[in-house]
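Trainee:
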Amino acid sequence: MHMQTDLPVLKEPEPKKKSNIKLISIIVILFLALLIIIFFNSSLSKITEVQITGGQFISSTEVMKYADVKVGDSFIFSSSRKIEASLLKNSSIQDVTVKKQFPGIIKITVHEYKVVAFELSDNGDLIALLASGASIVTNSERMQIMDKPILTGWDPDDMNKKELMKQLATIDSAMLSDISEISPIPSSAFPDRILIYTRTKYEVVTAISLLREKIGTMNGVIETQAPGRLTLLLADTFVPFELEMEEEETSNQAN
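Taking the UniProt record's numbering, the leading residue of the sequence shown gets 1, the next gets one more, and so forth.
#1: Note down, one range per segment and in chain order, each beta strand (DSSP E) of at least 3 residues found wholly within the segment 109-153.
#2: Ordered along the chain, which non-local residues of its own chain (more than five positions away) have a Cβ less than 8 Å from that of F238?
#3: So does the segment 203-221 actually touch the segment 184-195, counting three or more Cβ pairs closer than 8 Å?
#4: Between which two residues does the beta strand (DSSP E) carrying S180 extend?
#5: For V204, does the three-state DSSP call read helix, strand or coil?
#6: Between which two residues does the alpha helix (DSSP H) harbouring G220 extend?
#7: According to DSSP, is V50 part of a helix, a strand, or is it coil?
#8: List the endpoints of the continuous beta strand (DSSP E) containing V96.
#9: Give me the Cα-Cα distance between K99 and A174, rounded to the nearest whole angstrom.
#10: Determine contact between the segment 103-113 and the segment 43-54, defined as no fewer than three beta-carbon pairs at a distance below 8 Å.
#11: Mapping the DSSP letters down to three states, classify R199 as helix, strand or coil.
#12: Considering only the alpha carbon of each residue, which of K46, G54, D68 lies closest to F75?
#13: For E112, which residues of its own chain have a beta-carbon under 8 Å away from its beta-carbon, when the five flanking residues on both sides are left out?
#14: Keeping to the same chain, check which residues put their C-beta closer than 7 Å to that of A169; ignore five residues upstream and five downstream.
#15: In chain order, what residues of the same chain have a beta carbon less than 6 Å from the beta carbon of F241, not counting five sequence neighbours either side?
#16: Whose C-alpha, out of S177, A189, R212, K214, is nearest the C-alpha of T200?
#17: Going by CA-CA distance only, name the one from I150, V96, S86 that's closest to I179.
#18: For E119, count neighbouring C-beta atoms within 10 Å of its own C-beta (all shown protein chains included) and say buried if the count is 16 or more, exposed if not.
#19: For M159, which residues from the same chain have a beta carbon less than 8 Å from its beta carbon, with the 5 sequence-adjacent residues on both sides left out?
#20: May I have the straight-line CA-CA distance separating W154 from F77, to the nearest angstrom?
#21: Could you spell out the range, first to last residue, of the beta strand (DSSP E) harbouring V239?
#22: Tell me the DSSP secondary structure of D232 in three-state form.
#23: Once the 5 residues before and after D192 are set aside, which same chain residues still bring their CB inside 6 Å of it?
#24: Please say whether L87 and A67 have beta carbons closer to each other than 8 Å?
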């Protein structure tokens, strides 16, 4: 009698899963690398348009210069914060917002400092003076749009002029609406003394350091008195022009 011996079952070799996964991974990586190369060499990765809004006096060319961006630059590596920081170095810009919109659009919204006065240059250009102390050459049409004082007789580097611009920025525009011209008339007691001419034909002597304090008094006199000369320093005095003329006539007759 023959005994039957069971032969061991041979296992079939397992598929080389790890090798297949590794091969697929390499193919995917190469494919992604190819896509990245194609993307960075296509227009989709570049800045195709820079949109600038909000600037009243600063030109788009100057904004682009300070932003240090241009069409064709890398869109992916353009930093909104870096562009904003660059633009804020311009003394005429108070605030700025930069937004990136795919594909390729950079949106820049500029907010300039408040215009507090104007000045005429030696060659007749109209210059807008800002609250920051900056000045921007503009055009004569702005004069009709913005009801602001004209500064005359000031040295370009006069620190009192810059302080005046800052003081004007802190005063409500309605309280300054009657001022037409401001000139420096420094004295030993008041190095920042100024002469103000109003549209209602008043002459006002005061100081830059006192302007905010005295502007209400000036407007009160203008609203209730005839045109004249108003001094607003340590003491406030007012002399109508009519009275000045009468005193001059009396003095001439006496002589």
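Beta carbons: idealized from backbone N, C-alpha and C, even for Gly.
None of the values given here were measured: they were computed from a predicted structure.
Mentor: On the basis of the coordinates in this document:
#1: 115-120, 126-130, 135-137
#2: V221, Q225, G228, R229, L230, T231
#3: yes
#4: 179-184
#5: strand
#6: 211-224
#7: strand
#8: 93-101
#9: 35 Å
#10: yes
#11: coil
#12: K46
#13: G54, G55, Q56, F57, I58, S92, I93, Q94, L130
#14: K114, V116, A131
#15: P227, G228
#16: S177
#17: I150
#18: buried
#19: none
#20: 46 Å
#21: 236-240
#22: The residue asked about is misnamed: residue 232 is Leu in this sequence, not Asp. Here L232 sits in strand by DSSP.
#23: N160, A207, I208, S209
#24: yes
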